[in-house]
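Residue numbers (our numbering), protein chains in the order written: chain Z, 1 to 224; chain S, 225 to 434. Even for Gly, the Cβ is constructed at its ideal location relative to N, Cα and C. The structure appears below as structure tokens.
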């Protein structure tokens, strides 16, 4: 299979990622965990779009995944196209919409900027500093200050964006470990089917089996 | 689409390192290359109907780019500006009709040749361009050099296509759009996972399919 085919013929994996995030956020009542991040909040909030071919179902609401039409759409063969997510971690809250087939992000609302917040992101360095110029004219000084502030804003916004992307990527890594191993057909699919039909999924049993499966795949993420 | 304010909407592209790498003295080289590809605004007499170029991040009319405008620690920040002539179709049609009528009257003829018609239309369009301004659009772009990822603050396919072309011309690097497979490979697939990726099929939950 050519690289092009591995990309184009497997875009549905993005839809399954959204389905899995939706499922796990419900089973674990909005508290997920990954190895690098520990526990954090994640749930569907705002918008959920499902489709199969030309047929599209759009659900809007506080918790769109819990609308009756959502699971009915799954039973009719539709899969998530995009989902709005709320992520809550380390005193921060952010919302974003994730597009399944491109993993593109829209409407990412970053947490409010905290005064004096020190950057802590991995792999980042200190915000840019510019050497003060001697005797700058007032207009020049104002322009320089504005440019400096814009640089700091950009730096901070990118730092938080990368932090959020890091959470999504860690979840995707766990998803892949399950999806590309025996756990998908043995554990996840039966649980997904039961959940779609409105049956109870024992979160402890599922969580324990999931942890084992991730450990077996060598990419374990401890559940609480 | 702004990177500096409001909510963020963007697509990710990553640098295809098999097609080229960032040189050691990239700052000087890239600054020269960026200035060379800075936006040259469309003029009415230009043949181009659309043109793209770099501008300062968030400042579509700031075309004189300085080092501090572009480099911000590990980030390269640019605006991707596109100018396009967009003359309303009905207006162009009406003016062409007028011009054709005037031309025929002047020549004392009843019909126009195909070449004459094309030339007249082009001449009218040129005149109309002098009366209007081209439509200007700008999309912010932030290249995180540590990660080898470009965040392009738009989801529009056409803009992304034009941007990747200009990016390649400017930096000599190819960009690949993010997709489930590309992210999976960047996160690191094991050999069995890579093999499984080729075999996987869509999971079916539908119970009502007949």
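**Request:** Starting from the N-terminal side, write out each stretch of the beta strand (DSSP E) that is 3 residues or longer and does not extend beyond the region 342-403 of chain S.
**Result:** 359-368, 373-376 and 399-401
**Item:** Helix, strand or coil at residue 126 of chain Z according to DSSP, with G and I counted as helix
**Value:** On the first chain, residue 126 of chain Z is found 126 positions in, with the first residue counted as 1. Because the pLDDT at residue 126 of chain Z is just 48, under 50, the model does not fix this residue reliably, and the value given afterwards should be weighed accordingly. DSSP places residue 126 of chain Z in coil when its eight states are reduced to three.
**Message:** With H, G and I counted as helix, E and B as strand and the rest as coil, what does DSSP make of residue 87 of chain Z?
**Reply:** Counting from 1 along the first chain, the entry for residue 87 of chain Z is found at position 87. In the structure shown, residue 87 of chain Z sits in a strand (DSSP, three-state: E or B).
**Request:** Evaluate residue 378 of chain S with the Cβ neighbour count: other Cβ atoms within 10 Å of its Cβ, from every protein chain shown; 16 or more gives buried, anything less gives exposed.
**Result:** For the purposes of this step, residue 378 of chain S is identified with residue 154 of the second chain, where counting begins at 1. Its Cβ being crowded by 16 or more others within 10 Å, residue 378 of chain S is buried.
**Prompt:** In three-state DSSP terms, what is residue 7 of chain Z?
**Reply:** Your numbering for residue 7 of chain Z matches position 7 in the first chain. Looking at residue 7 of chain Z - three-state DSSP - the assignment turns out to be helix.
**Prompt:** Are the beta-carbon atoms belonging to residue 406 of chain S and residue 7 of chain Z less than 8 Å from one another?
**Reply:** Indexing the second chain from 1 puts residue 406 of chain S at position 182. Indexing the first chain from 1 puts residue 7 of chain Z at position 7. Cβ distance < 8 Å, so residue 406 of chain S and residue 7 of chain Z count as in contact.
**Request:** Can you tell me the Cβ-Cβ gap for residue 94 of chain Z and residue 109 of chain Z, rounded? I've got them flagged as a contact below 8 Å.
**Result:** Residue mapping note: residue 94 of chain Z aligns to position 94 of the first chain, counting from 1. Residue mapping note: residue 109 of chain Z aligns to position 109 of the first chain, counting from 1. Going by Cβ atoms, the distance from residue 94 of chain Z to residue 109 of chain Z rounds to 6 Å, so yes, they are a contact pair.
**Item:** Near-chain Z residues of the region 354-366 of chain S - C-beta to any C-beta below 7 Å
**Value:** 366
**Request:** Whole angstroms is fine: what's the gap from residue 237 of chain S's alpha carbon to residue 430 of chain S's?
**Result:** By one-based count along the second chain, residue 237 of chain S stands at place 13. By one-based count along the second chain, residue 430 of chain S stands at place 206. For residue 237 of chain S and residue 430 of chain S, the distance between alpha carbons rounds to 34 Å.
**Asked** Are the Cβ atoms of residue 65 of chain Z and residue 26 of chain Z separated by less than 8 Å?
**Response** Walking along the first chain from the start, residue 65 of chain Z turns up at place 65. Walking along the first chain from the start, residue 26 of chain Z turns up at place 26. Against a cut-off of 8 Å, the Cβ pair of residue 26 of chain Z and residue 65 of chain Z comes out as a contact.
**Listed by chain order, chain S residues near residue 106 of chain Z by CB distance under 7 Å** = Sequence index remark: in the first chain, residue 106 of chain Z carries index 106 (1-based). Near residue 106 of chain Z (Cβ distances below 7 Å), the residues of chain S are 233 and 379.
**Asked** With 8 Å set as the bound, which would you pick, yes or no: does the beta-carbon of residue 176 of chain Z sit closer than that to a beta-carbon of chain S?
**Response** Locating residue 176 of chain Z in the first chain gives position 176, where the first residue counts as 1. Answer yes: the Cβ-Cβ gap between residue 176 of chain Z and chain S drops below 8 Å somewhere.
**Message:** Using the three-state DSSP reduction, which class does residue 263 of chain S fall into: helix, strand or coil?
**Reply:** Position 39 of the second chain, counted from the start, is the residue given in the question as residue 263 of chain S. Correct three-state label for residue 263 of chain S: coil.
**Asked** Hey, out of Z/73, Z/105 and Z/48, whose CA is closest to residue 83 of chain Z's CA?
**Response** Within the first chain, residue 83 of chain Z is the residue found at index 83, counting from 1. Of the listed residues, the one whose Cα sits closest to residue 83 of chain Z is Z/48.
**Request:** Starting from residue 92 of chain Z, follow the alpha helix (DSSP H) in both directions and report where the run begins and ends.
**Result:** Taking the first chain and counting its residues from 1, one reaches residue 92 of chain Z at position 92. Not the alpha helix (DSSP H): residue 92 of chain Z falls in the beta strand (DSSP E), residues 92-99.
**Message:** Considering Cα atoms alone, identify which of S/277, S/246 and S/270 is closest to residue 351 of chain S.
**Reply:** Residue 351 of chain S sits at position 127 when you count from the first residue of the second chain. Ranking the options by Cα distance to residue 351 of chain S, first place goes to S/270.
**Message:** Is residue 434 of chain S close to chain Z? Criterion is C-beta to C-beta, closer than 8 Å.
**Reply:** The residue you call residue 434 of chain S lines up with position 210 of the second chain. Residue confidence is low: residue 434 of chain S scores 43 on pLDDT, short of 50, so the model does not pin down where it sits. No coordinate-derived value is stated.
**Prompt:** At what residues does the alpha helix (DSSP H) containing residue 421 of chain S begin and finish?
**Reply:** Reading the second chain from its first residue, position 197 is the one you call residue 421 of chain S. Taken as a continuous stretch (DSSP letters only), the alpha helix (DSSP H) holding residue 421 of chain S covers 415-423.
**Message:** Helix, strand or coil for residue 81 of chain Z? Go by DSSP, reduced to three states.
**Reply:** As a position in the first chain, residue 81 of chain Z is number 81, starting the count at 1. Residue 81 of chain Z falls in the strand class under three-state DSSP.
**Asked** With DSSP run on the structure shown, which of helix, strand or coil describes residue 131 of chain Z?
**Response** As a first step, residue 131 of chain Z must be located in the first chain, where it is residue number 131. For residue 131 of chain Z, the pLDDT reaches just 46, beneath the cut-off of 50, and the residue's location in the model is therefore unreliable, although a value from the coordinates is still provided. Correct three-state label for residue 131 of chain Z: coil.
**Item:** Beta-carbon separation (whole angstroms), residue 387 of chain S vs residue 376 of chain S, contact threshold 8 Å
**Value:** Counting from 1 along the second chain, the entry for residue 387 of chain S is found at position 163. Counting from 1 along the second chain, the entry for residue 376 of chain S is found at position 152. Right, the Cβ-Cβ distance comes to about 6 Å (below 8 Å), so this counts as a contact.
**Request:** Report the residues of the region 67-96 of chain Z with a CB closer than 7 Å to any CB of chain S, ordered along the chain.
**Result:** 74, 75, 76 and 77
**Request:** Could you work out which residues of chain Z lie near residue 402 of chain S, taking near to mean beta carbons separated by less than 9 Å?
**Result:** To locate residue 402 of chain S, count along the second chain from 1; it is residue 178. Neighbours of residue 402 of chain S on chain Z, chain order: 102, 103 and 104.
**Prompt:** Are the CB atoms of residue 228 of chain S and residue 42 of chain Z nearer to each other than 8 Å?
**Reply:** Mapped onto the second chain, residue 228 of chain S falls at position 4. Mapped onto the first chain, residue 42 of chain Z falls at position 42. No, these two residues do not count as a Cβ contact at 8 Å.
**Prompt:** Contact check, residue 10 of chain Z vs residue 404 of chain S under 8 Å by CB: the rounded distance?
**Reply:** In the first chain, counting from the first residue as 1, residue 10 of chain Z sits at position 10. In the second chain, counting from the first residue as 1, residue 404 of chain S sits at position 180. About 6 Å separates the two Cβ atoms, so the contact holds.
**Asked** At what residues does the alpha helix (DSSP H) containing residue 203 of chain Z begin and finish?
**Response** The count along the first chain starts at 1 and reaches residue 203 of chain Z at position 203. First-last of the alpha helix (DSSP H) with residue 203 of chain Z: 203-216.
**Cβ shell of residue 156 of chain Z (< 6 Å), same chain only, five flanking positions each side left out** = Reading the first chain from its first residue, position 156 is the one you call residue 156 of chain Z. Excluding residues within five positions, none has a Cβ falling inside 6 Å.
**Asked** Under three-state DSSP, which class holds residue 185 of chain Z?
**Response** In the first chain, counting from the first residue as 1, residue 185 of chain Z sits at position 185. Three-state DSSP puts residue 185 of chain Z in a helix.
**Message:** Can you tell me whether residue 383 of chain S is buried or exposed? The criterion is at least 16 other CB atoms within 10 Å of its CB, across all chains shown.
**Reply:** As a working note, residue 383 of chain S is residue 159 in the second chain. Result: buried.
**Helix, strand or coil at residue 174 of chain Z according to DSSP, with G and I counted as helix** = On the first chain, residue 174 of chain Z is found 174 positions in, with the first residue counted as 1. Helix at residue 174 of chain Z.
**Request:** Can you grab the Cα-Cα spacing for the pair residue 125 of chain Z / residue 188 of chain Z, in whole Å?
**Result:** Position 125 of the first chain, counted from the start, is the residue given in the question as residue 125 of chain Z. Position 188 of the first chain, counted from the start, is the residue given in the question as residue 188 of chain Z. Because residue 125 of chain Z sits at a pLDDT of 45, beneath the cut-off of 50, its placement in the model cannot be relied upon, and the following sentence gives the value as read from the coordinates. Each residue's alpha carbon lies about 40 Å from the other.
**Message:** Starting from residue 25 of chain Z, trace the alpha helix (DSSP H) in both directions and tell me its first and last residue.
**Reply:** Here the question's residue 25 of chain Z lines up with position 25 in the first chain. It spans 12-27 - the alpha helix (DSSP H) in which residue 25 of chain Z sits, taken as one unbroken run.
**Message:** For residue 399 of chain S and residue 327 of chain S, I'd like the C-alpha separation in whole angstroms.
**Reply:** One-based indexing of the second chain puts residue 399 of chain S at position 175. One-based indexing of the second chain puts residue 327 of chain S at position 103. About 50 Å.
**Message:** For the region 413-428 of chain S, list every residue whose C-beta sits within 8 Å of some C-beta in chain Z, in sequence order.
**Reply:** 413, 414, 416, 417, 420, 421, 422, 424, 426, 427 and 428
**Message:** Taking the straight line between their C-alpha atoms, what separation do you get for residue 131 of chain Z and residue 258 of chain S?
**Reply:** Walking along the first chain from the start, residue 131 of chain Z turns up at place 131. Walking along the second chain from the start, residue 258 of chain S turns up at place 34. In this predicted model, residue 131 of chain Z has a pLDDT of only 46, less than 50, meaning its place in the structure is not dependable enough to derive any value.
**Message:** Rounding to the nearest angstrom, what Cα-Cα distance links residue 245 of chain S and residue 296 of chain S in this structure?
**Reply:** To locate residue 245 of chain S, count along the second chain from 1; it is residue 21. To locate residue 296 of chain S, count along the second chain from 1; it is residue 72. So the two alpha carbons sit approximately 20 Å from each other.
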